[in-house]
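The listed protein sequences derive, respectively, from chains A and V. According to this note's numbering, the first sequence is numbered sequentially starting from 2. According to this note's numbering, the second sequence is numbered sequentially starting from 2. Note that beta-carbon positions come from the ideal geometry of N, C-alpha and C, so glycine has one too. Comments concern the structure below.
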Amino acid sequence: MTRPPRWADVVLTPLISLALAFALSALVILAIGESPWLALRTMVTGALGSSYGWGYTLYYATNFIFTGLAVAVAYHASLFNIGGEGQATMGGLGVALVALALPWPHWGLALPAAVVGAALFGAAWALVPAWLQAKRGSHIVITTIMFNFIAAAVLNYVLVNVMRPVGSMDPASARFPEGTRLPRLTDMAAGIGIEWGKATPANITFLIALAACALVWVLIWRTPLGYEIRAFGRSERAARYAGISPVRITVVAMLISGGLAGLMAINNVMGEAGRLVLNHVEGAGFIGIAVALMGRNHPFGILLAALLFGFLYQGGGELALWTSIPRELIVVIQALVILFTGALDNMVRMLIAPLFGRRA
Amino acid sequence: MDYATILQILDSAVRLMVPLLLACLAGLWSERAGVFDIGLEGKMLIAAFASAAAAAAAGQVWIGLAAGIAASLALAGVHGLASITFRGNQLISGVAINFLASGLTVLLGQTWFGLGGRTPALEGAARFGTWHLPGAEALRGIPLIGQFYADVLSGHTPLVYVAMLAVPLTWWVLLRTRFGLRLRAVGENPASVDTAGVSVTRLRWTAVGLAGLLCGIAGAYLATGLSAGFVKEMTAGRGFIALAALIFANWRPWRALGATFLFGLMEAVANRWPELDLGPVTIPSMFMNALPYILTVIILAGFIGRATPPRAGGEPYVKER
Numbered sequence: 002m003t004r005p006p007r008w009a010d011v012v013l014t015p016l017i018s019l020a021l022a023f024a025l026s027a028l029v030i031l032a033i034g035e036s037p038w039l040a041l042r043t044m045v046t047g048a049l050g051s052s053y054g055w056g057y058t059l060y061y062a063t064n065f066i067f068t069g070l071a072v073a074v075a076y077h078a079s080l081f082n083i084g085g086e087g088q089a090t091m092g093g094l095g096v097a098l099v100a101l102a103l104p105w106p107h108w109g110l111a112l113p114a115a116v117v118g119a120a121l122f123g124a125a126w127a128l129v130p131a132w133l134q135a136k137r138g139s140h141i142v143i144t145t146i147m148f149n150f151i152a153a154a155v156l157n158y159v160l161v162n163v164m165r166p167v168g169s170m171d172p173a174s175a176r177f178p179e180g181t182r183l184p185r186l187t188d189m190a191a192g193i194g195i196e197w198g199k200a201t202p203a204n205i206t207f208l209i210a211l212a213a214c215a216l217v218w219v220l221i222w223r224t225p226l227g228y229e230i231r232a233f234g235r236s237e238r239a240a241r242y243a244g245i246s247p248v249r250i251t252v253v254a255m256l257i258s259g260g261l262a263g264l265m266a267i268n269n270v271m272g273e274a275g276r277l278v279l280n281h282v283e284g285a286g287f288i289g290i291a292v293a294l295m296g297r298n299h300p301f302g303i304l305l306a307a308l309l310f311g312f313l314y315q316g317g318g319e320l321a322l323w324t325s326i327p328r329e330l331i332v333v334i335q336a337l338v339i340l341f342t343g344a345l346d347n348m349v350r351m352l353i354a355p356l357f358g359r360r361a
Numbered sequence: 002m003d004y005a006t007i008l009q010i011l012d013s014a015v016r017l018m019v020p021l022l023l024a025c026l027a028g029l030w031s032e033r034a035g036v037f038d039i040g041l042e043g044k045m046l047i048a049a050f051a052s053a054a055a056a057a058a059a060g061q062v063w064i065g066l067a068a069g070i071a072a073s074l075a076l077a078g079v080h081g082l083a084s085i086t087f088r089g090n091q092l093i094s095g096v097a098i099n100f101l102a103s104g105l106t107v108l109l110g111q112t113w114f115g116l117g118g119r120t121p122a123l124e125g126a127a128r129f130g131t132w133h134l135p136g137a138e139a140l141r142g143i144p145l146i147g148q149f150y151a152d153v154l155s156g157h158t159p160l161v162y163v164a165m166l167a168v169p170l171t172w173w174v175l176l177r178t179r180f181g182l183r184l185r186a187v188g189e190n191p192a193s194v195d196t197a198g199v200s201v202t203r204l205r206w207t208a209v210g211l212a213g214l215l216c217g218i219a220g221a222y223l224a225t226g227l228s229a230g231f232v233k234e235m236t237a238g239r240g241f242i243a244l245a246a247l248i249f250a251n252w253r254p255w256r257a258l259g260a261t262f263l264f265g266l267m268e269a270v271a272n273r274w275p276e277l278d279l280g281p282v283t284i285p286s287m288f289m290n291a292l293p294y295i296l297t298v299i300i301l302a303g304f305i306g307r308a309t310p311p312r313a314g315g316e317p318y319v320k321e322r
């Protein structure tokens with residue numbers, strides 16, 4: 002089989018996959034009797050045409066950066082973590098417990114504590130599948146799927162029976178104290194005299210997400226642990242021979258992965274909602290899979306892919322608002338991106354290989 | 002709790018186990034041939050939608066069934082293309098199929114019917130009627146056994162009996178025929194099958210096709226037998242419970258019957274008593290709903306029994322040159 006050169010594999014494969022996904026989605030839009038061109042224009046205007054649109058795009062992108070990084074770190078250890086949804090769900094619980102534990106005087110104190118809470122709960126939820134995979138050989142894909150459902154049930158139970166304020170019918174926690182309100186990007190822009198993104202939920206967590214990208218890059222490519230994770234991911238037998246403990250790497254990689262997924266809750270639970278509600282993750286954990294695949298498991302790629310999906314998400318909302326195309330179109334695009342980048346990648350490679358005519 | 006209540010619960014368990022059983026057998030065929038399938042949920046969902054939409058349009062439930070099977074087969078084709086022909090990642094392909102079904106059903110449903118992703122309610126010939134087994138009414142007079150026969154075994158939709166028949170059929174074909182032997186061999190050691198001059202690709206495609214067929218029936222049963230029409234996300238994780246049942250059953254047909262009955266029974270009990278009162282403790286409904294998943298994790302951990310999946314599962318087969 003001819004193989005394209007490395008740069009083409011890294012850059013062209015995701016782009017062609019995306020083009021294929023968009024082309025098929027355009028066919029779907031045509032099939033339901035709408036205009037793909039109008040749909041695209043509505044999405045671009047709605048998501049990128051104003052600072053309001055950008056605010057929402059960045060807010061969604063923040064979620065996807067965390068869940069995308071979570072999938073990527075596990076992937077480098079050759080572990081497919083489908084449990085980001087459940088880990089983020091539990092991360093939300095960690096955030097809520099921290100936020101409601103004390104009458105926080107200032108967000109500067111509440112934020113680090115909530116970061117610890119979110120990461121701890123997310124990591125704890127990844128620990129059991131990781132330990133079972135490492136010690137008992139149970140397939141991590143199946144266990145993390147099961148843990149997604151269990152997390153949903155736990156959250157449901159906790160919200161209905163434990164955290165729901167007395168007299169409230171709504172299955173949600175009490176509102177977080179005022180001192181846990183994170184600064185929004187719009188406030189920060191106003192601080193330097195720019196009017197930007199009024200009434201959008203994009204908040205300081207976006208900057209934490211950028212920092213997380215940098216830290217994950219350092220971790221994977223510049224630390225001994227990252228080297229061990231990658232070595233283990235490439236060949237478990239070689240890693241074992243080199244004295245790398247499979248149990249330790251599996252558990253540590255999954256803890257980091259789960260912690261990253263849990264951190265997402267800082268953005269949506271603390272930064273946006275200000276309380277814990279049912280199903281607060283809304284599928285962002287699964288979008289992380291598409292983001293990591295599209296971004297080729299590299300933090301910079303993940304940042305770009307998360308922005309793309311943030312755009313799709315916000316654009317999809319606008320689409321539902323202004324046209325008769327339901328926002329589930331985004332789920333279809335997401336599915337096609339996952340399909341082409343993750344499962345049909347050999348087909349895409351075969352498509353571009355003749356362009357280079359190299360044999361490998 | 003009297004006998005009539007027990008019969009009601011059992012009857013409801015039989016109804017609820019059927020989609021699980023069909024999907025579980027679908028997974029069994031696919032995975033015994035070495036192709037992981039976490040897209041059972043998606044295939045069922047799209048089949049449920051297609052069958053409800055076609056049955057609503059044609060007014061004929063059998064046309065709905067055919068449409069459901071066709072839709073499920075189409076997604077099975079995508080899975081086969083990705084995981085057999087292009088040797089891609091089978092797990093990722095399954096994830097993609099689940100999202101594809103989740104998005105397409107609402108997108109098309111909203112466009113065609115404008116009911117927020119639902120299809121119009123089905124009635125009359127657009128739904129499966131119930132079949133009464135011979136002599137059900139005559140035997141009802143016999144205490145215990147006659148009542149059991151009339152209330153639990155008789156009076157279901159045809160697809161329930163199809164599902165029950167699929168178990169011995171699967172057992173026989175998989176474990177007693179040459180085709181079945183080859184198919185199992187492909188899931189354990191595809192190179193040996195290849196050496197014997199039998200096509201690995203063709204066997205795996207057949208298995209994936211059978212999985213599509215069974216998921217199609219499961220979805221059609223959900224929308225046209227169990228309920229009267231399609232509702233957004235109506236599979237509600239059943240594809241994953243079926244996967245759990247498959248592990249619980251250790252990839253064996255008769256045990257699949259037992260496992261899915263157990264999970265069906267749990268669902269029936271949870272439906273009847275949302276808050277199960279056991280005297281000193283009350284079990285919340287969330288726990289009952291999560292029980293299949295918790296049990297699966299315990300099984301996978303090897304604390305009860307041991308799960309031994311097909312050895313070549315999940316690995317694309319590359320012919321040596």
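- Using a CB distance cut-off of 9 Å, Ile47/V does not count as an interface residue toward chain A.
- Between the stretch 40-55 of chain V and the stretch 226-243 of chain V, the count of Cβ pairs shorter than 8 Å is three or higher; the stretches touch.
- A Cβ of chain A is located within less than 9 Å of the beta carbon of Ile248/V.
- If you check each beta-carbon in the stretch 139-152 of chain A against every beta-carbon of chain V, the ones closer than 8 Å belong to Ser139, His140, Val142, Ile143, Thr144, Ile146, Met147, Phe148, Phe150 and Ile151.
- Leaving aside the five residues that flank Leu305/A on each side, the residues in its chain whose CB is nearer than 7 Å to its CB run, in chain order, Gly296.
- Note that the C-beta distance between Leu92/V and Val142/A is below 9 Å.
- Less than 9 Å divides the Cβ of Gly265/V from the Cβ of Ala14/V.
- In the DSSP assignment, Val282/V falls within the unbroken beta strand (DSSP E) covering Val282 to Ile284.
- Ile290/A places its beta carbon 9 Å or farther from that of Cys214/A.
- At least one C-beta of chain A is nearer than 9 Å to the C-beta of Leu244/V.
- At least one CB atom of chain V sits nearer than 9 Å to the CB of Tyr158/A.
- Straight through space, the alpha carbons of Arg273/V and Gly89/V are spaced by roughly 44 Å.
- Residue state for Asn162/A is assigned as helix, using DSSP reduced to three classes.
- Taking 7 Å as the upper bound on Cβ-Cβ separation, chain V lies near residues Pro327, Glu329, Leu330, Val332 and Val333 of the stretch 309-333 of chain A.
- A distance below 7 Å between beta-carbons, with the five flanking residues on each side excluded, links Tyr294/V to the following residues of its chain, in chain order: Ala245.
- Two segments are said to touch when three or more pairs of C-beta atoms, one from each, lie closer than 8 Å; by this definition the stretch 279-289 of chain V does not touch the stretch 110-121 of chain A.
- Around the beta carbon of Val219/A, a 10 Å sphere encloses fewer than 16 other beta carbons of the protein chains shown; the residue is thus reported as exposed.
- Taking a C-beta cut-off of 7 Å against chain V, none of the residues of the stretch 266-283 of chain A qualify.
- Residues of the stretch 279-303 of chain V with a C-beta less than 8 Å from any C-beta of chain A: Pro285, Met287, Phe288, Asn290, Ala291, Tyr294, Ile295, Thr297, Val298, Leu301, Ala302 and Gly303, listed in chain order.
- In this chain, the alpha helix (DSSP H) harbouring Asp346/A covers Asp346 to Phe357.
- Thr43/A and Gly50/A have their alpha carbons spaced roughly 9 Å apart.
- Contact between the stretch 207-219 of chain V and the stretch 29-39 of chain V is established, with three or more Cβ pairs separated by less than 8 Å.
- In this structure Ala72/V is in contact with Ala48/V, their Cβ atoms being roughly 5 Å apart against a cut-off of 8 Å.
- Contact of Arg88/V with chain A is assigned, a C-beta pair being separated by under 9 Å.
- For the stretch 71-95 of chain A, the beta-carbon criterion of a distance under 8 Å to any beta-carbon of chain V is satisfied by Phe81 and Ile83.
- Per DSSP, the beta bridge partners of Asp278/V are Thr283/V.
- In this structure, DSSP gives Ala34/V a state outside helix and strand, which the three-state scheme calls coil.
- Three or more beta-carbon pairs drawn from the stretch 79-92 of chain A and the stretch 251-260 of chain A are found closer than 8 Å, and the two stretches are therefore classed as touching.
- For Asp188/A, the enclosing alpha helix (DSSP H) covers residues Leu186 to Gly192.
- Within its own chain, the residues whose Cβ lies closer than 8 Å to the Cβ of Ser193/V, once the five positions on either side in sequence are excluded, are Ala186, listed in chain order.
- Residue Val298/V holds the alpha-carbon nearest to the alpha-carbon of Ile146/A among Val298/V, Ser286/V, Gly156/V and Leu105/V.
- Nearest CB-CB separation between Gln61/V and chain A: not below the 9 Å threshold.
- A residue is called buried when at least 16 other Cβ atoms come within 10 angstroms of its Cβ; Leu186/A meets this threshold and is buried.
- Residues of chain V with a Cβ closer than 9 Å to the Cβ of Arg137/A are, in chain order, Leu301, Ala302, Gly303 and Phe304.
- By the C-beta criterion, the stretch 88-105 of chain A is judged to be in contact with the stretch 276-293 of chain A, since at least 3 inter-stretch pairs fall below 8 Å.
- For Glu234/V, the closest of Gly117/V, Ser155/V and Gly95/V by C-alpha to C-alpha distance is Gly117/V.
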